[in-house]
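To start, the structure itself, in structure tokens.
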Amino acid sequence: MSTPTAQEFVTALRRIEDDGDIDAMVALFGEDAVLTSPTEHVTQVGPDGARRFWTAYRHSFQSVRSRFHAVLESERRVILEWTSRCRTAAGVDTTYAGVSTIETREGRIVRFTAYFDPARLHAHVPVAASTGIRVPLADVAREAPDVPI
Numbered sequence: 004m005s006t007p008t009a010q011e012f013v014t015a016l017r018r019i020e021d022d023g024d025i026d027a028m029v030a031l032f033g034e035d036a037v038l039t040s041p042t043e044h045v046t047q048v049g050p051d052g053a054r055r056f057w058t059a060y061r062h063s064f065q066s067v068r069s070r071f072h073a074v075l076e077s078e079r080r081v082i083l084e085w086t087s088r089c090r091t092a093a094g095v096d097t098t099y100a101g102v103s104t105i106e107t108r109e110g111r112i113v114r115f116t117a118y119f120d121p122a123r124l125h126a127h128v129p130v131a132a133s134t135g136i137r138v139p140l141a142d143v144a145r146e147a148p149d150v151p152i
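The numbering used here puts the first residue of the sequence shown at 4, with every later residue one more than the last.
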């Protein structure tokens, strides 16, 4: 298998955001992959961890659409700068921005890290540290102002 490209990652992300289909994304991750983000309280590992990570991501939103402003790609690394407009699971419309880094080896993603300000997503709390799955907490949700682009 060739190394996953930024375009393959974005295509898989679109399937998650549009249809809730995480299979194409999970297929990009290797057995030893590590996934982290500011809202994940547990580091997710391997394809099963990728499935938990991306399922939690999609369940965090009623709707979400990411736009990519800059993409840097080399043989083993991808850096994506993005802005996501979303309606949280609690029904709060917001926008948040960040950067995701991807490292690949032997045709699979072995490291995915998302960097963003989690304060932009007030409507999420962890359910169980063992799963990292989040659920909406409507009574703490607040609308955040749009991020200037």
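By construction, the Cβ of each residue, glycine as well, lies at the ideal position given by its N, Cα and C atoms. Remember, predicted model here, so these are calculated numbers, not experimental data.
Option in the options with minimal Cα separation from residue i
i	options	result
Val-37	Ala-30, Ala-53 and Asp-22	Ala-53
Gly-23	Asp-35, Phe-56, Pro-41 and Pro-121	Phe-56
His-62	Thr-42, Ser-77 and Ala-73	Thr-42
Glu-109	Gln-65, Asp-35, Met-28 and Asp-26	Asp-35
Thr-58	Ala-27, Val-95 and Ser-77	Ala-27
Val-95	Ser-77, Phe-64 and His-44	Phe-64
Ile-25	Tyr-60, His-44 and Thr-39	Tyr-60
Same chain, Cβ closer than 7 Å to residue i, five either side skipped, listed in chain order
i	result
Gly-101	Trp-85, Ala-117, Tyr-118 and Phe-119
Asp-142	Residue placement at Asp-142 is poorly supported in this model, since its pLDDT is 32, which falls under 50; the coordinates are not used for a value here.
Phe-12	Leu-31, Val-81 and Ile-105
Pro-121	Pro-41 and Thr-42
Ala-131	At Ala-131 the pLDDT is 37, less than 50, meaning the model places this residue with poor confidence; the figure from the coordinates comes in the next sentence. Result list for Ala-131: empty, nothing under 7 Å.
Chain-order list of residues whose beta-carbon lies under 6 Å from that of residue i (same chain, five-residue window excluded)
i	result
Ser-103	Leu-83 and Ala-117
Gly-33	Arg-111 and Val-113
Leu-75	Ile-82
Whole-Å CB distance - residue i paired with residue j, under 8 Å assumed
i	j	result
Asp-30	Val-81	Strictly speaking, residue 30 in this sequence is Ala, with Asp absent from that position. That belief does not hold up - the Cβ atoms of Ala-30 and Val-81 are roughly 16 Å apart, past 8 Å.
Distance cut-off 6 Å: residue i Cβ against heavy atoms of the ligand FMN
i	result
Asp-24	For the structure depicted, the ligand FMN is absent and the ligand set is empty, with no information on it obtainable.
Tell me, please, whether the segment 15 to 23 touches the segment 61 to 81 by the rule of three or more beta-carbon pairs shorter than 8 Å.
yes
Do the segment 73 to 91 and the segment 39 to 50 meet, that is, are 3 or more Cβ pairs less than 8 Å apart?
no
Write down every uninterrupted run of the beta strand (DSSP E) in the segment 89 to 123 whose length is 3 residues or greater and which is fully enclosed by it, in chain order.
96 to 108 and 111 to 119
Taking only runs that begin and end inside the segment 21 to 97, name each unbroken alpha helix (DSSP H) of 4 or more residues, in chain order.
26 to 29 and 49 to 62
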